[in-house]
Structure formats: C-alpha cells, structure tokens
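**Q** Below you will find the structure I want to go over with you.
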Amino acid sequence: MRVVILGCGRVGAQLAQLMLRAGHQVTVVDKDSASFGRLGAGFTGEVVLGTGIDEDVLLRAGIDEADAVVAVTSGDNTNVMAAQVAKEIFGVPRVICRINDPLREEIYRSLGLETICGTIWQANHIRESLEGPNSGGELCM
Amino acid sequence: MYVMVVGGGKVGYYLAKSLLEEGQEVLIVERDARRCVALSDDLGVNVMQGDGCEASTMEEAGMARADVVVAVTGDDEDNLVVCQVAKQKFNVARTVARLNNPKNEKIFRRLGIDVTVSSTELILSQIERVIPAKPLIHLLSLRNVGVSFVELEIPPGSPAVGRPLRELGIPDDCVFPLVIRGGDQGIIPYGDTQLQVGDHVVAVTSEASADAIRLILRG
Chain Y
85 MRVVILGCGR VGAQLAQLML RAGHQVTVVD KDSASFGRLG AGFTGEVVLG
135 TGIDEDVLLR AGIDEADAVV AVTSGDNTNV MAAQVAKEIF GVPRVICRIN
185 DPLREEIYRS LGLETICGTI WQANHIRESL EGPNSGGELC M
Chain P
35 MYVMVVGGGK VGYYLAKSLL EEGQEVLIVE RDARRCVALS DDLGVNVMQG
85 DGCEASTMEE AGMARADVVV AVTGDDEDNL VVCQVAKQKF NVARTVARLN
135 NPKNEKIFRR LGIDVTVSST ELILSQIERV IPAKPLIHLL SLRNVGVSFV
185 ELEIPPGSPA VGRPLRELGI PDDCVFPLVI RGGDQGIIPY GDTQLQVGDH
235 VVAVTSEASA DAIRLILRG
C-alpha cells in the first residue's frame, strides 16, 4: 500500500521503517529537514519537507493517490487538521490520527476520526504491566 | 451577546476592546500567562488563562453559553480545533476562525466553520487593486454560490471598444452593473452602451465565465 506519514519524530520514523521493510511504499513529511536523519542512511522511501496541514505539501507527498495517511506530528491540532484534510478533502481510504490529549481524542473519535491516544495507551500498558503476572519484573512497552 | 475570543495577540486584543466598547460581554482566552496579565491590566477581568483547544478549560470558561466563538490565534490548526470543539462539544451557534493561510478557506468551510477571515487575502486583494498589471481584479467572491465581482480596465486595441454591449456576445451568466469612465463618472450600462479605452468595467460573473469576459473585453 501507499502510505503517507506526517511527522518524522520517533514514532513516525519507526513506523516508516517498519512499513518500508514490510514492502510498502512510504512517504514521510516533516517541517524540519533535520528530523529525516531519524530514518537512517538506508531509508529508500520518499521524504517531503513541509507542514502536513498545507494542501500543496500534501499533494507533493502524493496524498491524492495514498491508500493510508498517518498523522503523528508532535502537535495534536496539526494531526487533527491534517487527518481531516486527508479524509474529507482528498478522500483517503484509511486515516489514522494521533491525539495525545484524551479529551480532544474523545471528541474527534465521536466525530468519526480513527484516533490513537498515546497518553491513554501508554498509561494502560504501564498499569497492566504493574498489575499483571510479571509485576516486579521489567516493564514491557 | 457573549463573545468568546480565543487568542490574545494583537488581533484578539483589539477585537475584544472594540466589542467591549460596543457593550458586548467578552472573554479572552489566552495560553500565555504573562500575556494574560498584560491583557487583564488593560481590559479588566475579562481574560482567562488556558488552552482554548482543551475542552475542560472551555467548560470552565462557559463556552456552552457563548453566542459566538472567535478563534484568532496565529495557527490555523489551533483555530480549526477551537471552532470544532465549540460546535461539536458545546453547540455554539456561530464560530469565526482567523486564517493565516488563505488556501485553508475551502478546507475550513468543508469542515463546518461558519466564517473565516484571512488578513493575508485582504491584503492580497488590496495589492491587486493597486497593481494595474493584473487584467482582472477580484473585488469580492460570494462563497457557496460561485459568483465573483471583478473589475477590468479596457486597454487600447480592445475588441470591445466602439461596439454596443449587446453585440459583444457576453455570456448569460454575467452582467455589467457599472462602468467607471475617466475615474469619476459612473455609468449604469445597457445594451446600446459603447465602451471606451480606459473604462473600468465592473462585472458580476460566474466563476466559469470569468475567462470569457476577459477575452471579450481585453482581447
């Protein structure tokens, strides 16, 4: 599949490498060119410099032909806007949006966005690790 | 009327001040604590420190009883989320967003924001008015109905000069309500009116016919 990843932070870069290794076509967008360094020297996907809420940047990243868009920049609102543009304007079939603020995540999930809340997800995993059968052992995240 | 202004920069400050002078109830929500102190020293108690995108802050600020929510921060994505939270979570009747990138206007409209204001676009249209090199000046676009008000100057050698308007083959979805001659004479034209070099023609046209108008009047 053709996937466009918005945000080349730790999550975005990691996801880009995983998807590429699995044989998918990957384009990564970030407003800071230095962040592409996280992709490593062997990265063969495409990179586009710019902000994920700019239609022109999204078109350069091939959003009109993308099967999936993942919005994982450091800004919740940037992710929200980029995801809605991908879904509503460009009709991308699968759009996943990270929102770290749990309240905002709830609002946009109820509006029909496919959201992931890093905060709740991590808290739940840590709690499960603490209370689970391996409690006392190392935390597995 | 209770107006909630999110973003306490220069736009938010002067907007709030003007609304207060009109006797409206105004609350500014601003993220930066120091800016809040400066604002409340000047405007009184009508400033609240907080993130206008956060639903809990907005509940405390009484967003649910706001008649209008205006988002005027310097970031379009923040202004979008403020307005969407206001509409979806608090059922605010009217939301107004400031646009920094004028290209976002279409996107905001599609995503349910009632009114958008772009200072970039306002300045652009002013520049277009004073730069004569641009043959077709956009005066006003009526959103949603696909109609524009444009202004054209008739250049020397125009195929439209010296012929009655009715013979020019003007498309049906276009009318010329006004011709300005010599800079100070307003003419309401009709079918027999003949254009002269230097006339400024104001046209109301569908967006589809704008190019045809330019060809007819300027060649």
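Respectively, the protein sequence lines represent chains Y and P.
For reference, each letter of the first sequence is one residue, going 85 to 225 in my numbering.
For reference, each letter of the second sequence is one residue, going 35 to 253 in my numbering.
The C-beta atom is built at its ideal place from N, Cα and C for all residues, glycine as well.
The structure presented is a predicted model; accordingly, all values stated were derived computationally and were not measured.
Classify Ala67 (chain P) as buried or exposed, calling it buried when 16 or more other Cβ atoms lie within 10 Å of its own Cβ.
**A** Exposed, by the Cβ-count rule.
**Q** Spatial neighbours of Ser152 (chain P) within its chain, please: CB distance less than 6 Å, with the 5 preceding and 5 following residues excluded, ordered by chain position.
**A** Answer for Ser152 (chain P): Leu133 and Pro136, listed in chain order.
**Q** Judging by CA-CA distance, which residue of P:Leu212, P:Ile147 and P:Ala246 is the nearest neighbour of Leu202 (chain P)?
**A** Closest option to Leu202 (chain P), Cα to Cα, is P:Ala246.
**Q** If you pair each beta-carbon of the segment 111-120 of chain Y with each one of the segment 131-141 of chain Y, do three or more pairs fall below 8 Å?
**A** Because the criterion of three Cβ pairs below 8 Å is met, the segment 111-120 of chain Y and the segment 131-141 of chain Y touch.
**Q** Evaluate Leu73 (chain P) with the Cβ neighbour count: other Cβ atoms within 10 Å of its Cβ, from every protein chain shown; 16 or more gives buried, anything less gives exposed.
**A** It counts as buried.
**Q** Determine whether the Cβ of Ala167 (chain P) lies closer than 8 Å to any Cβ atom of chain Y.
**A** With a pLDDT of 49 at Ala167 (chain P), under the threshold of 50, the modelled position of that residue is not reliable, and the figure given next carries that caveat. Not an interface residue.
**Q** Please report how far the alpha carbon of Gly57 (chain P) lies from the alpha carbon of Val103 (chain P), in whole angstroms.
**A** Near 17 Å, if we compare the C-alpha coordinates of Val103 (chain P) and Gly57 (chain P).
**Q** Any C-beta of chain P within less than 9 Å: which residues of the segment 159-174 of chain Y qualify?
**A** Residues Gly159, Asp160, Asn161, Thr162, Asn163, Val164, Met165, Ala166, Gln168, Val169, Glu172 and Ile173.
**Q** Along the chain, where does the beta strand (DSSP E) that runs through His234 (chain P) open and close?
**A** Residues His234 to Ser240.
**Q** Between which two residues does the beta strand (DSSP E) harbouring Leu186 (chain P) extend?
**A** Its beta strand (DSSP E) spans residues Val181 to Glu187.
**Q** In chain Y, which residues lie less than 9 Å from Leu73 (chain P) when you measure between Cβ atoms?
**A** Those within 9 Å of Leu73 (chain P) in chain Y number zero; the least Cβ separation is about 22 Å.
**Q** What residues from chain Y crowd round Ile221 (chain P), counting only those whose CB sits closer than 8 Å?
**A** Correct list: empty, because the minimum Cβ distance to chain Y is about 41 Å.
**Q** Tell me whether Ala167 (chain P) is buried or exposed, calling it buried when 16 or more other Cβ atoms sit within 10 Å of its Cβ.
**A** In this prediction, Ala167 (chain P) has a pLDDT of 49, which is less than 50 and means its spatial position is unreliable; nothing more can be read from the coordinates.
**Q** Mind listing which residues of the segment 185-207 of chain Y have their C-beta closer than 7 Å to chain P's C-betas, in chain order?
**A** Hits within the stretch, in order: Asp185, Leu187, Arg188, Ile191 and Leu195.
**Q** How many angstroms separate the CA atom of Ile214 (chain P) from the CA atom of Ile204 (chain P)?
**A** If I take the Cα positions, the gap works out to 18 Å.
**Q** Just to confirm, is the Cβ distance from Val126 (chain P) to Ala100 (chain P) under 8 Å?
**A** Cβ atoms of Val126 (chain P) and Ala100 (chain P): closer than 8 Å.
**Q** When you compare the CB of Val39 (chain P) with every CB in chain Y, is at least one pair closer than 8 Å?
**A** With 8 Å as the cut-off, Val39 (chain P) does not count as an interface residue toward chain Y.
**Q** What are the partner residues of Val151 (chain P), as DSSP defines its beta bridges?
**A** The partner list for Val151 (chain P) (beta bridge, DSSP) reads P:Arg132.
**Q** Residues of chain P with CB under 9 Å from Asp294 (chain Y), in chain order?
**A** Only positions 85 to 225 of chain Y appear in this structure, which leaves residue 294 (chain Y) out of reach.
**Q** DSSP three-state label for Ala167 (chain P), please.
**A** Below a pLDDT of 50, predicted positions are generally treated as unreliable, and Ala167 (chain P), at 49, falls in that range; no measurement from the model is reported.
**Q** Going by DSSP, what residues sit across from Asp116 (chain Y) in a beta bridge?
**A** According to DSSP, Asp116 (chain Y) bridges with nothing at all.
**Q** Take Gly238 (chain Y) as the anchor and find which of Y:Trp205, Y:Thr128 and Y:Ile180 has the nearest alpha-carbon.
**A** This structure leaves residue 238 (chain Y) out entirely; chain Y is present only between 85 and 225.
**Q** How is the beta strand (DSSP E) around Phe210 (chain P) delimited, first residue to last?
**A** From DSSP, the beta strand (DSSP E) with Phe210 (chain P) extends over Cys208 to Arg215.
**Q** Fully enclosed by the segment 80-116 of chain P, which beta strand (DSSP E) runs are 3 residues long or longer?
**A** Those beta strand (DSSP E) runs which fall completely within the segment 80-116 of chain P and span 3+ residues are 81-83 and 102-105.
**Q** Identify whether Val126 (chain P) lies in helix, strand or coil by the three-state DSSP scheme.
**A** Coil, per DSSP.
**Q** Return helix, strand or coil for Tyr224 (chain P), following the three-state DSSP convention.
**A** DSSP places Tyr224 (chain P) in coil when its eight states are reduced to three.
**Q** Closest to Cys117 (chain P) by CA distance: which of P:Leu145, P:Thr227 and P:Tyr48 is it?
**A** The candidate whose alpha carbon is nearest that of Cys117 (chain P) is P:Leu145.
**Q** Check whether chain Y comes within 8 Å of Ser90 (chain P), counting only Cβ atoms and requiring the distance to be less than that.
**A** Answer yes: the Cβ-Cβ gap between Ser90 (chain P) and chain Y drops below 8 Å somewhere.
**Q** So the candidates are Y:Asn161, Y:Ala152, Y:Gly96 and Y:Val156; which of them puts its Cα closest to the Cα of Ala170 (chain Y)?
**A** Of the listed residues, the one whose Cα sits closest to Ala170 (chain Y) is Y:Ala152.
**Q** With three or more C-beta pairs closer than 8 Å as the rule, is the segment 172-179 of chain Y touching the segment 199-218 of chain Y?
**A** No: fewer than three Cβ pairs fall under 8 Å.
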